[in-house]
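Numbering (the numbering used here), first residue to last: 256 to 435.
See structure below.
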């Protein structure tokens, strides 16, 4: 079974919000850990260089994950623009499915033994349900659109036939010619 991770509480997390935000900006701007420690101490808080290093490492990992997620989302959006019948939800579901399969394929034997297969199966079922639900919604939406179009067309033709029979005949003739 998978091990539960302890929740991390950093000294920096306990700093006042404005100071924490300033420290995060310093980390993003590649200030040295020594410079960051000095800044925090000038603000009246005691902190070690290793605490800053651990926080910076965690922050950079989070930022990298965010950057990867943004790149993946951008790729999904580009793909959905290429294919008329592919919407964002389809793209995201395809990306998730692909990511799951890649992660499983890249597991070594030790990692395979540590996997909680019950959770994995629940997640796989959830993705499958999401795909099935999406297909059902798409089919229902298409049916509603087609019914609405048929009703609109029927009212339009009836009104046109009653009020402008010459235009009605012309439109019908035009449609028949285009259907050939």
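For glycine and all other residues, C-beta sits at the position ideal for the given N, C-alpha and C.
(message) Excluding the 5 residues flanking residue 274 on each side, which residues of the same chain have their C-beta closer than 8 angstroms to its C-beta?
(response) 295, 298 and 300
(message) Suppose you measure from the CA of residue 310 to the CA of residue 324; what does that come to, to the nearest Å?
(response) 21 angstroms
(message) Tell me which residues share the same chain as residue 385 and place their Cβ nearer than 7 angstroms to its Cβ, disregarding the 5 neighbours each side in the sequence.
(response) 348
(request) Note the first and the last residue of the continuous alpha helix (DSSP H) segment covering residue 267. (result) Run containing residue 267: none; DSSP gives neither H nor E here.
(message) Just to confirm before moving on: does the CB-CB distance between residue 306 and residue 265 stay below 8 angstroms?
(response) yes
(request) Could you spell out where the alpha helix (DSSP H) holding residue 346 opens and where it closes? (result) 343-360
(message) Could you give the first and the last residue of the continuous alpha helix (DSSP H) run that contains residue 293?
(response) 288-297
(request) Measure from the alpha carbon of residue 356 to the alpha carbon of each residue in 418, 375 and 399, then state which is nearest. (result) 375
(request) Could you name the residues of the same chain whose beta carbon sits closer than 8 angstroms to that of residue 415, not counting the 5 residues immediately before and after it, in chain order? (result) 422, 423 and 426
(request) Ignore the nearest five residues each way along the sequence and tell me which others in residue 256's own chain have a CB closer than 6 angstroms to its CB. (result) In this predicted model, residue 256 has a pLDDT of only 45, less than 50, meaning its place in the structure is not dependable; the value taken from the coordinates is given anyway. Same-chain partners within the cutoff: 371.
(request) Assign residue 435 to one of three DSSP states: helix, strand, or coil. (result) In the structure shown, the three-state DSSP call for residue 435 is coil.
(message) Tell me the rounded alpha-carbon separation between residue 344 and residue 354.
(response) 15 angstroms
(message) Tell me the rounded alpha-carbon separation between residue 413 and residue 428.
(response) A straight line joining the alpha-carbon of residue 413 with that of residue 428 spans about 16 angstroms.
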